[in-house]
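Worksheet: the structure to be examined is printed underneath.
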Amino acid sequence: MHFVNLIGGAPLIGTIFQVILATFLGTLFGYIMTKTENLFPCIVLHYLFNVFANVFFGSLMELFSASSMVS
């Protein structure tokens, strides 16, 4: 689904990184869900990942945009 971002003008490298990361995290969260039989740990980890990524890196897509590399 993240490849749809390319239609909106998202950079290819950033989109590929986003797809790989989403696949990895989805697999990890699926594993955690099957082991714990509880969705709550996945929700908390997803929240913490988003907070960490935004605090330390800003938007992940901004990392790969040409304007953010220049400025």
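Just so you know, the sequence shown maps onto residues 823 to 893 in our numbering. Positions of the beta carbon are idealized from the N, C-alpha and C atoms, including for glycine. Model, not experiment: these values are computed from the prediction.
Buried or exposed by the 16-neighbour rule on C-beta atoms within 10 Å, applied to G836: buried
Three-way DSSP call (helix, strand, coil) for N827 in this model: helix
Distance, I854 Cα to F862 Cα: 10 angstroms
Best match in V826, Y869, F878 for proximity to F851 [C-alpha to C-alpha]: Y869
CA-to-CA distance, M823 to L847, given in whole angstroms: 14 angstroms
Same chain, Cβ closer than 8 angstroms to F825, five either side skipped, listed in chain order: T837, V841
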